[in-house]
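Numbering (our numbering), first residue to last: 31 to 334. Built from N, CA and C at the ideal position, the CB exists for glycine as well. All figures in this text were calculated on a predicted structure; none of them were measured in a lab. Scroll down for the structure; my scribbles are underneath it.
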Ligand code: AMP
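Here it is, written out as structure tokens:
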């Protein structure tokens, strides 16, 4: 079916109550693609890095069967950098710095072989760049988009324009409230539907994720883990698992959207167990299936 992913590639410096990493591999495109690569291959990757991007990261992406034809390497530039600190409540984080670097002049070039991608996942980057990508591909079957507070606050008009072209938006609770000025999440989701995406997914960190469409509301819990080290990328791993499953099955029925939400939650749960992308590195299909199935047990009960 072909899944195209665009987003950031970053060196993340992250502090959580359980440890820290400096300049570790991160970025929305990385987490989305690595998660999706467990379901569909090759994932078509569009992003930019600087001359400082190490070969070992390139090798890792290639090993995950990620097609890097759309990766631009700006030799004289520096890779995007982001710093974040998590509170004791891991649902709360502060962005310490955002250095766009090579993203400031990024002009996404879509290789000819990527243009017919049926599934497109717009990771969190400047909404203008997200829109440029959509203008440069043939009409996809499904466009899934993500964003974050940074863009909602700094480029609201541009984001509104890009949202018109999204079929699915994946946002967290605070982003949903910020986008709509509406504290109630069900109402916020309905307002977002008026802005473009007909499928809204609201991620609630350790409280799971809720899918809202015109006629469905479905909630999946987050997997109750005993060890969470680094929530960075959980939202992107969710998006990658979600869209990866849809690209694999090419089935957009309500039931399959629910399965995709649970696969998204499954990949997010592996992501947060370790720092950077380490939790997504060497998973087996069996491990993913085991955890996916255990989601059913989490909320199954005898209704009598
Ligand atoms: P998440 O935890 O799913 O929200 O994603 C965190 C990832 O987003 C990190 O790996 C960061 O490198 C990346 N990121 C943070 N801020 C931005 C931004 N303004 N634009 C693009 N990517 C960002």
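Segment limits, beta strand (DSSP E) that includes residue i
| i | result |
| --- | --- |
| residue 202 | 198-202 |
| residue 125 | 123-129 |
| residue 102 | 96-104 |
| residue 143 | Segment: none, residue 143 is in no beta strand (DSSP E) and carries neither H nor E. |
| residue 288 | Element bounds for residue 288: not the beta strand (DSSP E) but the alpha helix (DSSP H), 284-303. |
| residue 41 | 40-46 |
| residue 116 | 110-116 |
| residue 120 | Counting along the chain, residue 120 falls outside any beta strand (DSSP E), and DSSP gives it neither H nor E. |
| residue 148 | Element bounds for residue 148: n/a, residue is neither H nor E. |
| residue 77 | 73-80 |
| residue 33 | 33-36 |
| residue 176 | 172-176 |
Element boundaries [alpha helix (DSSP H), containing residue i]
| i | result |
| --- | --- |
| residue 274 | 264-279 |
| residue 85 | 85-93 |
| residue 61 | 58-66 |
| residue 325 | 315-329 |
| residue 189 | 186-193 |
Coarse secondary structure for residue i, derived from DSSP in three states
| i | result |
| --- | --- |
| residue 167 | coil |
| residue 250 | strand |
| residue 228 | coil |
| residue 309 | helix |
| residue 139 | coil |
| residue 235 | helix |
| residue 210 | helix |
| residue 255 | coil |
| residue 53 | strand |
Where residue i falls, given that 16 or more other Cβ within 10 Å makes a residue buried
| i | result |
| --- | --- |
| residue 247 | exposed |
| residue 48 | exposed |
| residue 233 | buried |
| residue 160 | buried |
| residue 46 | buried |
| residue 68 | buried |
| residue 125 | exposed |
| residue 109 | buried |
| residue 296 | buried |
| residue 74 | buried |
| residue 244 | exposed |
| residue 316 | exposed |
| residue 210 | buried |
| residue 183 | exposed |
| residue 154 | buried |
| residue 92 | exposed |
| residue 168 | exposed |
| residue 334 | exposed |
| residue 205 | buried |
| residue 314 | exposed |
| residue 216 | exposed |
| residue 189 | buried |
| residue 255 | exposed |
| residue 89 | exposed |
Integer Cβ distance of residue i from residue j, believed to fall under 8 Å
| i | j | result |
| --- | --- | --- |
| residue 331 | residue 298 | About 24 Å; that fails the 8 Å criterion. |
| residue 127 | residue 107 | With a Cβ gap of about 17 Å, residue 127 and residue 107 do not count as contacting. |
| residue 231 | residue 273 | Not a contact, Cβ separation roughly 11 Å. |
| residue 76 | residue 132 | So it is not a contact: roughly 13 Å between Cβ atoms. |
| residue 43 | residue 51 | 7 Å |
| residue 81 | residue 102 | Actually they are not in contact, since the Cβ atoms of residue 81 and residue 102 sit about 11 Å apart, beyond 8 Å. |
| residue 219 | residue 207 | Not a contact, Cβ separation roughly 11 Å. |
| residue 278 | residue 70 | 5 Å |
| residue 301 | residue 149 | That pair is no contact at about 20 Å. |
| residue 242 | residue 200 | Actually they are not in contact, since the Cβ atoms of residue 242 and residue 200 sit about 12 Å apart, beyond 8 Å. |
| residue 66 | residue 35 | 7 Å |
Task: the stretch 275-287 in contact with the stretch 314-321 per 3-pair CB rule at 8 Å - done: no
Open item on the list: Using 8 Å as the cut-off, can you tell me whether the stretch 191-198 makes contact with the stretch 44-61, which would need three or more C-beta pairs spanning the two stretches below that distance?
Closed with: no
Task: the stretch 231-239 touching the stretch 305-314, judged by at least three CB pairs closer than 8 Å - done: no
TODO: Kindly confirm or deny that the stretch 273-284 and the stretch 323-331 touch, where touching means at least three C-beta pairs closer than 8 Å.
DONE: no
Open item on the list: When you compare the stretch 134-152 with the stretch 113-122, are there three or more beta-carbon pairs, one atom per stretch, that lie closer than 8 Å?
Closed with: no
- [ ] Taking 8 Å as the threshold, find out whether the stretch 156-175 comes into contact with the stretch 244-264 through three or more Cβ pairs.
- [x] no
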